[in-house]
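Engineer: Sharing a structure, written as C-alpha cells. Questions coming.
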Amino acid sequence: MSAPEPIHDLARGDVAVSRQLSKALQVIMAGTADKQLRNQIRAILDGRGSARELMHSDAFNIVLDRTMPAAMEQFADMPENERQRLAAQGQAQLDQLRNLPPEWSTPPRPAEPPPQPPVEQQPVPPVVAASPARRKSYKDQVVTPDEPDEDDLYFSDRRKNGWLR
C-alpha cells in the first residue's frame, strides 16, 4: 500500500494546485546545485515539510531573485489578450491535473543506499539485580524548613486576609 499523495499547505486543499506546485518544485529541484535546497524540496514533496518553509531559505530566495525580475518584466510587457490566453491555458491544466490518478505527482524515490556490513556488537554483561537494602528511595520523604520563609509568610497572610488587600 502506498502513502497518500501529500497536499501542500499553500494549495489550501486543492489537489490540482498542489500537483502544479509539486511540478514547479521538481523543476526548481532539478535546476539547483544547492544540496540543502534539494533536500528541503524533497522533504516537501514527500510530505515531511511545508512549502511555506521555503520562504525562509536563503538558497530559494536566491533562485527567486534571479528569476522573478525577468518574469515580472515579461508579464508587464505582455498584451492583455495573451494574458487571457495563458490564464485559460493554466485553468485547463488545473482541470486536467484534478482528473489525474492520486499517485501522479508522487516523485520517484531516490535509490536506497547500499547496505552497510553488519557491525559486531560487544556482548552485554548480565544485569545483576540490586538488593533492596542497598538503595533507598527518597521520593516519598517530605522535607520542610523549621521556620516559614518569606514566601510562606506572604501566602499565609493572603489566605488569612484575602487577595484584594
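The opening position of the sequence shown corresponds to residue 44 in the working numbering, with each subsequent residue numbered one higher. A virtual CB, placed ideally from N, CA and C, is assigned to each residue, including glycine. Given the structure is predicted, the values throughout are model-derived calculations rather than measurements.
#1: Check whether the Cβ atoms of L80 and A94 sit closer than 8 Å, and answer yes or no.
#2: Which of the three DSSP states is assigned to A90 in this structure?
#3: For A59, which of A76, Q139 and T187 has the nearest alpha-carbon?
#4: Check whether the Cβ atoms of L107 and I84 sit closer than 8 Å, and answer yes or no.
#5: Among L196, L137, T110 and R91, whose alpha-carbon lies nearest the alpha-carbon of V70?
#6: With burial defined as no fewer than 16 other Cβ atoms inside 10 Å of the residue's Cβ, what is the status of S199: buried or exposed?
#7: Just how far apart, CA to CA, sit A119 and Q127?
#8: Report the residue from D77, S65 and G133 whose alpha carbon sits nearest the alpha carbon of I87.
#9: For the alpha helix (DSSP H) containing L196, list its first residue and its last residue.
#10: Between G92 and the rest of its own chain, which residues show a CB-CB distance below 8 Å, the 5 nearest in sequence each way excluded?
#11: Which residues bound the alpha helix (DSSP H) around P144?
Structural biologist: With the given structure in hand:
#1: No, Cβ-Cβ distance for L80 and A94 is not below 8 Å.
#2: As written in the sequence, residue 90 is Gly, which differs from the Ala given in the question. In this structure, DSSP gives G90 a state outside helix and strand, which the three-state scheme calls coil.
#3: Relative to A59, the option among A76, Q139 and T187 whose CA is nearest is Q139.
#4: For the pair L107 and I84, the CB atoms are not nearer than the 8 Å cut-off.
#5: The residue with the shortest Cα to Cα distance from V70 is T110.
#6: Exposed, because fewer than 16 other Cβ atoms sit within 10 Å of the Cβ of S199.
#7: Roughly 13 Å separates the two Cα atoms.
#8: With respect to the C-alpha of I87, the residue from D77, S65 and G133 having the closest C-alpha is S65.
#9: Where L196 is concerned, the enclosing alpha helix (DSSP H) stretches over E193 to N204.
#10: Counting only Cβ-Cβ distances below 8 Å, and skipping sequence neighbours, we find Q83 and A86.
#11: No alpha helix (DSSP H) holds P144; DSSP gives it neither H nor E.
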